[in-house]
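First residue of the sequence shown: 1, per full-length UniProt numbering; consecutive thereafter. From the three backbone atoms N, C-alpha and C, an ideal C-beta is built for every residue, glycine too. Quick notes on the structure that follows.
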Amino acid sequence: MIVFPSFIINAHSIVGVFMKDTDKMSKLNVGLTNIMTMTFILGVMADKIPRTGSIPLLGIYIIINLLIMVIAVGNIVLIGKLRKLPEWNKFLDQQQKLVSDLFEKYDSSISPVYSKIDINKPIGYNPIAPKRYNYTIFMYNIKLVEVLEPEEKVSVVMEMAEHWYDPRLAWNPSLYDDIEMLHMRQEKVWSPTINMFRINDIADFRDQDFRMVSLDNTGHIYSSLSLRVSVNCPLDVRKFPFDSQTCTIQFSMPLFFIQYVEMFSQIYDGILNKTVWKRMGNSEWDLVNLTNRVEILSYNDGIGDMQLATFEIKIQRNPLYYIYMIVFPSFVINALSIVGVFMKRTDKMSKLNVGLTNIMTMTFILGVMADKIPRTGLIPLLGIYIIINLFIMIVAVGITVLMGSIRKCAIPRLRMKKTELRQWIEWVLGDPMETICMTVLGTINALNFFVVIVFWIRDS
């Protein structure tokens, strides 16, 4: 019950622990299961013998089995490390030698940009001079955070990468055990000063003390940026809430003349598709286009010209919220109010209450909408829609107020002389007057609503 099963368990466990082509965690599971089993057997045996100072033969047998498995598990843990340490140590030694050689006379405060150039002459005038220093900024993700229409401010989170070249940091990999890449703190190397252009606010999410760069054997350096950027973006709200806006995010290197440095902007191909763009907007806005280019900001003096690495985003508003919260309710309220104002056999004061309540409602909606758009000289489409609804109700209330006076003045005069036209006008001013006004104003209200819906369908 104990000796033979313990032998079999230990034998199988030893085979399992040292089995080739098996991951370390599985081997450890076998060994630890065996150790717990032997410990359990020791506990069972301890309950069967008196507590004396001597260890029984069976106890020695189990303890030896337990020690065998502890040694096996220890070997599994240490063998991998012992095998890897020599190669790793060799790599670390060669890397240290490489870093010492590279940075022995290196000064990270001095730029490698070739500046022995006459800025008053055209670019490339000297054939023996090196080409302009290249700096590339690469965008691989962007997320729209918020759009503040009254302030004309758009905020995004950008994941960027930088790429530049420092010829002082190139090496021959064959001299350093084929090491082709180093990773280090950014403070050890010279980094170009990249500025945001025409921005409202910027926040760099990287820890200032732990910024990293990667350096390859050709002297090319790569770094990453994670920024929250707020840019001033002039908004065209004429088609609000069916509008789309285009905003530019620009980077510059103002300390270097355009004759010294050439900037490049790139976008990761993996994010240039509509499926990915759906995840880059927010609840109100969708990203519909993303482009890049390099612009030249010129002051026509040959000295103040500046390159701008530009990323352009086009966002489109999701109008559904405004449809079901403003457009459709306004249409229904106006339609019911028109019916109420021209309802027959109802006292004038009740009709006026309906009309004035509608007017106050439309005025309130205009106020709410005014807080959502910048204060420009343009009236947005939604504003025109509400104003027309407001005007319809003002006309309806005005007709209701004046209808009695019009009938009192016009009908006696129409009856003074009997003609077919006068009789028709008298008939119109009678009972059909409310129905005609209700139909005309209701039709205008419906047309106003359908014009907005057409804009929605066309832009969706």
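Three-state secondary structure (DSSP) at residue i?
{"i": "Trp171", "result": "coil"}
{"i": "Phe205", "result": "coil"}
{"i": "Ser252", "result": "strand"}
{"i": "Leu320", "result": "helix"}
{"i": "Ile457", "result": "helix"}
{"i": "Lys351", "result": "helix"}
{"i": "Met212", "result": "strand"}
{"i": "Gln307", "result": "strand"}
{"i": "Trp190", "result": "coil"}
{"i": "Glu151", "result": "coil"}
{"i": "Cys247", "result": "strand"}
{"i": "Ala370", "result": "helix"}
{"i": "Val294", "result": "strand"}
{"i": "Lys105", "result": "coil"}
{"i": "Ala396", "result": "helix"}
{"i": "Tyr61", "result": "helix"}
{"i": "Thr37", "result": "helix"}
{"i": "Glu87", "result": "helix"}
{"i": "Gln266", "result": "strand"}
{"i": "Asn134", "result": "strand"}
Would you say residue i and residue j are within 8 angstroms of each other, going by their C-beta atoms?
{"i": "Ile386", "j": "Met360", "result": "no"}
{"i": "Asn300", "j": "Pro254", "result": "no"}
{"i": "Tyr135", "j": "Trp88", "result": "no"}
{"i": "Val147", "j": "Val157", "result": "no"}
{"i": "Thr22", "j": "Leu66", "result": "no"}
{"i": "Thr37", "j": "Ile2", "result": "no"}
{"i": "Ser226", "j": "Val213", "result": "no"}
{"i": "Leu92", "j": "Ile179", "result": "no"}
{"i": "Trp190", "j": "Pro112", "result": "yes"}
{"i": "Ile41", "j": "Ile63", "result": "no"}
{"i": "Leu215", "j": "Leu175", "result": "no"}
{"i": "Lys143", "j": "Phe455", "result": "no"}
Can you name, in chain order, every residue of its own chain whose Cβ lies under 7 angstroms from the Cβ of residue i, other than the five neighbours on each side?
{"i": "Lys372", "result": "Glu149"}
{"i": "Asn448", "result": "Tyr385, Ile388, Asn389"}
{"i": "Val70", "result": "Ile35"}
To the nearest angstrom, report how far apart residue i and residue j are at their CA atoms.
{"i": "Asn292", "j": "Tyr324", "result": "36 angstroms"}
{"i": "Ile333", "j": "Val397", "result": "15 angstroms"}
{"i": "Glu162", "j": "Arg279", "result": "24 angstroms"}
{"i": "Leu32", "j": "Gln94", "result": "39 angstroms"}
{"i": "Arg185", "j": "Ala170", "result": "17 angstroms"}
{"i": "Gly219", "j": "Tyr260", "result": "18 angstroms"}
{"i": "Leu378", "j": "Pro241", "result": "14 angstroms"}
{"i": "Asp286", "j": "Cys233", "result": "16 angstroms"}
{"i": "Gly340", "j": "Val354", "result": "7 angstroms"}
{"i": "Thr11", "j": "Pro56", "result": "Note on residue identity: the sequence assigns Ala, not Thr, to residue 11. The straight-line gap from Cα to Cα measures roughly 22 angstroms."}
{"i": "Phe205", "j": "Asn217", "result": "29 angstroms"}
{"i": "Cys437", "j": "Ile392", "result": "11 angstroms"}
{"i": "Leu272", "j": "Tyr114", "result": "35 angstroms"}
{"i": "Met343", "j": "Glu434", "result": "7 angstroms"}
{"i": "Ser252", "j": "Tyr106", "result": "26 angstroms"}
{"i": "Phe328", "j": "Gln245", "result": "24 angstroms"}
{"i": "Pro319", "j": "Ser350", "result": "35 angstroms"}
{"i": "Leu356", "j": "Phe450", "result": "24 angstroms"}
{"i": "Thr346", "j": "Ile338", "result": "13 angstroms"}
{"i": "Thr193", "j": "Lys90", "result": "36 angstroms"}
{"i": "Gly270", "j": "Gly281", "result": "16 angstroms"}
{"i": "Cys247", "j": "Arg198", "result": "11 angstroms"}
{"i": "Lys20", "j": "Pro86", "result": "22 angstroms"}
Assuming the contact rule is C-beta atoms closer than 8 angstroms, residue i and residue j should be a hit. Round their C-beta distance to whole Å, please.
{"i": "Val452", "j": "Leu381", "result": "7 angstroms"}
{"i": "Lys188", "j": "Ser108", "result": "6 angstroms"}
{"i": "Ile315", "j": "Val288", "result": "7 angstroms"}
{"i": "Leu441", "j": "Val395", "result": "7 angstroms"}
{"i": "Phe331", "j": "Ile249", "result": "Actually they are not in contact, since the Cβ atoms of Phe331 and Ile249 sit about 39 angstroms apart, beyond 8 angstroms."}
{"i": "Leu297", "j": "Ile313", "result": "Between Ile313 and Leu297 the Cβ distance is about 20 angstroms, and since that is not below 8 angstroms, they are no contact."}
{"i": "Asp166", "j": "Ile221", "result": "6 angstroms"}
{"i": "Glu262", "j": "Arg132", "result": "4 angstroms"}
By Cβ distance below 6 angstroms, which residues in the same chain neighbour residue i in space, the five residues on each side in sequence not counted?
{"i": "Leu366", "result": "Ile386"}
{"i": "Ser230", "result": "Lys153, Ser155, Asn200, Asp201"}
{"i": "Phe257", "result": "Ile119"}
{"i": "Phe138", "result": "Ala161, Gln266"}
{"i": "Tyr268", "result": "Tyr140"}
{"i": "Tyr125", "result": "none"}
{"i": "Tyr322", "result": "Pro241"}
{"i": "Phe264", "result": "Thr136"}
Starting from the C-beta of residue i, find all residues in its chain whose C-beta is less than 8 angstroms away, skip the five residues before and the five after it, and write them out in chain order.
{"i": "Thr363", "result": "Leu390"}
{"i": "Val237", "result": "Glu149, Asp243, Ile373, Pro374, Thr376, Leu378, Pro380"}
{"i": "Glu295", "result": "Gln250, Gln307, Leu308, Thr310"}
{"i": "Pro130", "result": "Tyr114"}
{"i": "Asn172", "result": "Asn217"}
Taking 7 angstroms as the cut-off, does the CB of residue i come closer than this to any heavy atom belonging to the ligand SAM?
{"i": "Val73", "result": "Ligands in the displayed structure: none, and consequently the ligand SAM is not present."}
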